[in-house]
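Undergrad: Okay, here's the structure, questions in a sec.
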Amino acid sequence: MPNDLLDPPNDDEPWGVDYKDDEIWPGDEVVEIDSYLVKVEDAADFIVWYGNIVDTEEA
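Structure, rendered in structure tokens:
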């Protein structure tokens with residue numbers, strides 16, 4: 001196996017991006033919700049962004 005495959009040259013690049021296009025780095029806590037990657041600390045914001053507003057005043 002070539003040495004360049006054992007130690008990839010892009011170690012300083014992010015692992016991917018979340019639903020806000022923020023970088024995800026190795027070691028970040030991330031969940032996948034309906035194919036969206038969401039950082040755990042942003043989960044509440046994601047639910048508000050992704051969900052639908054419900055009118056609780058109507059019967």
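Sequential numbering from 1 applies to the sequence shown in UniProt numbering. Built from N, CA and C at the ideal position, the CB exists for glycine as well.
Please work out which residues of its chain come closer than 8 Å, Cβ to Cβ, to LYS20, disregarding the five sequence neighbours upstream and downstream, and give them in chain order.
TA: For LYS20, where only same-chain residues beyond five positions count, the Cβ hits under 8 Å are ASP42.
Undergrad: Quick check on VAL31: buried or exposed, where buried means 16 or more other Cβ atoms within 10 Å of its Cβ?
TA: When all chains shown are included, VAL31 counts as exposed.
Undergrad: Can you give me the C-alpha to C-alpha distance between ILE47 and ASP28, rounded to a whole angstrom?
TA: Cα-Cα distance, rounded: 19 Å.
Undergrad: Residues bridged to GLY16 by DSSP?
TA: Partner(s): ILE24.
Undergrad: Check GLY51 in the structure and name its three-state DSSP category.
TA: Coil.
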